[in-house]
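Residue numbers for the sequence shown, in full-length UniProt numbering: 1 to 379.
Backbone N, C-alpha and C fix where the C-beta goes; we use that ideal spot for every residue, glycine too.
Below is one structure, written out as structure tokens; the observations come after it.
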Amino acid sequence: MKLHEKERTCIISFQPLHNVPKDFPKLKNDTFLCACHGQETNHVPVWCMRQAGRYLPEFREFRAGKDFFETCRSPAACCELTLQPLRRFPFDAAIIFSDILVIPQAMGMDVQMVAGKGPTFPEPLKEPEDLLLLQPKVDVNKELGYVFKAITLTRHKLDGKVPLIGFTGAPWTLMAYMIEGGGSTTHSKAKRWLYRHPEASHKLLKMLTDVIVEYLLGQVAAGAQALQVFESHAGCLGPVEFQEFSLPYLRDIARKVKDQLKESGQDVPMIVFAKDGHYGLEDLSQSHYEVVGLDWTIDPRSARERTGGKVSLQGNMDPCALYAPKERISEIVKKMLEGFGTRGYIANLGHGLYPDMDPENVGAFVEAVHTHSRHLNLK
Ligand code: 1CP
1 MKLHEKERTC IISFQPLHNV PKDFPKLKND TFLCACHGQE TNHVPVWCMR QAGRYLPEFR
61 EFRAGKDFFE TCRSPAACCE LTLQPLRRFP FDAAIIFSDI LVIPQAMGMD VQMVAGKGPT
121 FPEPLKEPED LLLLQPKVDV NKELGYVFKA ITLTRHKLDG KVPLIGFTGA PWTLMAYMIE
181 GGGSTTHSKA KRWLYRHPEA SHKLLKMLTD VIVEYLLGQV AAGAQALQVF ESHAGCLGPV
241 EFQEFSLPYL RDIARKVKDQ LKESGQDVPM IVFAKDGHYG LEDLSQSHYE VVGLDWTIDP
301 RSARERTGGK VSLQGNMDPC ALYAPKERIS EIVKKMLEGF GTRGYIANLG HGLYPDMDPE
361 NVGAFVEAVH THSRHLNLK
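Printed below as a string of structure tokens:
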């Protein structure tokens, strides 16, 4: 299958021309970046969403007694937490430790991490008038400079071992948190806005898009080598609402970030992960992203067919498969690789790791991806 319309030369030779500090260590493993661009690789690269997380005892020990968002504001702490999983497993990419909810904070909202409950907004948005309480123009360097510092520090400390991924929440997902005030099963408060206050919804989504674009460009200037946009709550929208309230903003983000980067001669692959958004797969594969991330409810072969070789794919093992014995994990991984093929593919889970997962099984997942993909490439 021919991946991507234009073939590219080796990514490692892509030199950023401006804006990015030049003294970063040379990248030693570009497998992930090559796969993003649809190039052949010796093995399929692998990383896990939430690889820096509570399933690691060293993560729990480091975070013990520290406030979550205080930790996010400490570049040294973010750097340490980002590197922890890389010390254990031969992941092919690192993702900066942070959270998607730093954006609502930068826009002036209070967000706290409540033990046993998760992120909580004491004063969520209730009615359209509440939009007036948000910062109309966010200076990302001032409000989110701590993330940029964490990225620069981590890129140095990674010493070129693997590329560093930056990320953001997508506008709809962030809007949902800002109105729900935390996690939700129905998202009925946020969806009420879509049906009752469509104009105000678009106003908020546009405000978020503007901040996200600046935030992602700041992450690249700080040293991020790829960017992932998390539309974690795509699943609670239907196809019609997705077309109106999610997709245009996802497209806008990729187009604006890419246009700006092109001006300074930079090429940074972008990944869109719209969880449970399979109804939008064809559209997502034509939205200026190099990679589409998939949850586990999509069959690999049909995802390939539906995206028609336009993009690389990332995912999609059911995270709960990590509860299986190691031999079974290996079989599941082999089947997944056969379904996706080894080119233009980045192995990952269909969502983040859960806190009760056994790190040994995460190691078995990574090893199975590397071993089976090398074998498949030799065939
Ligand atoms: O104390 C803790 O450690 C709390 C657990 C935790 C962690 C480890 C939270 C709270 N956030 C994070 C870090 C985090 N969040 C990362 C780190 C990098 C990595 O992946 O290793 C990333 C990428 C995120 C992104 C994030 N935060 C998303 C998008 C991904 C997804 O899970 O869909 C979302 C939805 C959030 C919000 C959030 N932050 C934390 C929790 C428990 C939640 C979900 C709340 C809910 O909806 O119920």
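May I ask you to list the residues that DSSP assigns as paired with Ala254?
Translated into positions along the sequence shown, residue 254 becomes position 254. BP columns for Ala254 are empty, so no partner.
Can you tell me which residues form a DSSP beta bridge with Phe230?
The sequence position of residue 230 within the sequence shown is 230, counting from 1. BP columns for Phe230 point to Gly169 and Phe273.
Nearest neighbour of Thr267, chosen from Cys36, Cys320, Thr154 and Pro359 [CA to CA]
Within the sequence shown, numbered from 1, the residue matching residue 267 stands at position 267. Here residue 267 turns out to be Asp, not Thr, going by the sequence shown. If we check each option's Cα against that of Asp267, Cys36 comes out closest.
Can you tell which of Val333, Pro319, Arg304 and Arg301 has the C-alpha that lies nearest to the C-alpha of Gly352?
Position 352 of the sequence shown, counting from 1, holds the residue named residue 352. From the listed residues Val333, Pro319, Arg304 and Arg301, the smallest Cα separation to Gly352 is found for Pro319.
Starting from Ser302, follow its DSSP beta bridges and name the residues at the other end.
Translated into the one-based positions of the sequence shown, residue 302 becomes position 302. The partner list for Ser302 (beta bridge, DSSP) is empty, contrary to what the question assumes.
Looking at Met49 and the ligand 1CP, is the gap between the Cβ and the nearest heavy atom below 7 angstroms?
The residue given as residue 49 occupies position 49 in the sequence shown. True, at least one ligand heavy atom lies under 7 angstroms from that Cβ.
Taking 7 angstroms as the line, does the beta carbon of Gly118 fall inside it for any heavy atom of the ligand 1CP?
Numbered from its first residue, the sequence shown carries residue 118 at position 118. Gly118 Cβ: within cutoff of the ligand 1CP.
Cα separation between Thr307 and Ala64?
Here residue 307 is taken as the residue at index 307 of the sequence shown, counted from 1. Here residue 64 is taken as the residue at index 64 of the sequence shown, counted from 1. Answer to the nearest angstrom: the Cα atoms are 43 angstroms apart.
What does DSSP give as the partner residue(s) for Met207 in the beta ladder?
Translated into positions along the sequence shown, residue 207 becomes position 207. Beta-bridge pairing links Met207 to no other residue.
Collapsed DSSP secondary structure at Asn42 in the structure displayed:
For the purposes of this step, residue 42 is taken as the residue at position 42 of the sequence shown. Coil at Asn42, not helix or strand.
Gly223 and Ile151 - do their beta-carbons sit closer together than 8 angstroms?
Walking along the sequence shown from the start, residue 151 turns up at place 151. Walking along the sequence shown from the start, residue 223 turns up at place 223. In terms of Cβ geometry, Ile151 and Gly223 form a close pair [threshold 8 angstroms].
Using 8 angstroms as the threshold, is the segment 37-49 in touch with the segment 64-84, meaning 3 or more CB pairs across them?
When Cβ pairs closer than 8 angstroms are counted between the two stretches, the segment 37-49 is seen not to touch the segment 64-84, the count staying below three.
Consider the C-beta atom of residue 381 and the heavy atoms of the ligand 1CP; say whether any pair is separated by less than 7 angstroms.
In this structure the chain extends from 1 to 379, so residue 381 is not present and cannot be described.
One question on the structure: do Pro104 and Ala52 come within less than 8 angstroms of each other, judged by their Cβ atoms?
On the sequence shown, residue 104 is found 104 positions in, with the first residue counted as 1. On the sequence shown, residue 52 is found 52 positions in, with the first residue counted as 1. Between Pro104 and Ala52, the C-beta gap is not smaller than 8 angstroms, which leaves the two residues out of contact.
Please report the residue range of the beta strand (DSSP E) in which Leu337 lies.
As a working note, residue 337 is residue 337 in the sequence shown. That residue, Leu337, is in no beta strand (DSSP E); its alpha helix (DSSP H) goes Lys326 to Phe340.
Taking 8 angstroms as the threshold (C-beta atoms), are Asn42 and Asn377 in contact?
Counted from its first residue, the sequence shown places residue 377 at position 377. Counted from its first residue, the sequence shown places residue 42 at position 42. The answer is yes: Cβ separation under 8 angstroms.
My guess is that Met49 and Leu349 are in contact by the Cβ rule of under 8 angstroms, so how many angstroms apart are they, rounded?
As a working mapping, residue 49 is identified with position 49 in the sequence shown. As a working mapping, residue 349 is identified with position 349 in the sequence shown. Contact between Met49 and Leu349 holds, with the beta-carbon distance rounding to 6 angstroms and staying under 8 angstroms.
For Gly363, which of helix, strand or coil comes out of DSSP?
Reading the sequence shown from its first residue, position 363 is the one you call residue 363. Under the three-state reduction of DSSP output, Gly363 falls in the helix class.
The ligand 1CP heavy atom lying under 7 angstroms from the CB of His187:
The sequence position of residue 187 within the sequence shown is 187, counting from 1. When distances are taken from the beta-carbon of His187 to the heavy atoms of the ligand 1CP, even the shortest one reaches 7 angstroms or more.
Quick one: what's got a C-beta closer than 7 angstroms to Glu7's C-beta in the same chain, skipping five residues either side?
As a first step, residue 7 is located in the sequence shown; it is residue number 7 there, counting from the start. The pLDDT assigned to Glu7 is 34, lower than 50, so where the model puts this residue is not dependable; a value taken from the coordinates is nonetheless given after this. Excluding residues up to 5 positions away in sequence, nothing lies with its Cβ nearer than 7 angstroms to the Cβ of Glu7 in the same chain.
Just to check my reading of the structure: Ser287 and Leu250 have Cβ atoms closer than 8 angstroms, yes? What is that Cβ distance to the nearest angstrom?
Residue mapping note: residue 287 aligns to position 287 of the sequence shown, counting from 1. Residue mapping note: residue 250 aligns to position 250 of the sequence shown, counting from 1. Contact flag correct, Cβ pair sits at about 6 angstroms.
Near Leu125, what residues of its chain come up, given a Cβ to Cβ distance below 6 angstroms and the 5 sequence neighbours on each side ignored?
Position 125 of the sequence shown, counting from 1, holds the residue named residue 125. Correct list, in chain order: Met178 and Ile179.
Near Ile12, which residues of its chain fall below 7 angstroms by C-beta distance, leaving aside the five closest residues on each side in sequence?
In the sequence shown, residue 12 corresponds to position 12, counting from 1. Low confidence applies to Ile12: its pLDDT is 42, below 50, so where it sits in the model is not reliable enough to give any reading.
Leaving aside the five residues before and after Cys10 along the sequence, list all residues of the same chain whose C-beta is less than 6 angstroms from its C-beta, in chain order.
Looking up residue 10 in the sequence shown gives position 10. A caution first: Cys10 carries a pLDDT of 39, below 50, which makes its placement in the model too unreliable to give a value.
Give me, in chain order, the residues of the same chain whose beta-carbon lies closer than 7 angstroms to that of Ala303; leave out the 5 immediate sequence neighbours on both sides.
For the purposes of this step, residue 303 is taken as residue 303 along the sequence shown, with counting starting at 1. Correct list, in chain order: Leu281, Leu294 and Leu313.
Nearest neighbour of Gly183, chosen from Lys142, Met113, Phe245 and Gln225 [CA to CA]:
Position 183 of the sequence shown holds residue 183. Distance check between Gly183 and each of Lys142, Met113, Phe245 and Gln225 places Met113 closest, using alpha-carbon atoms only.
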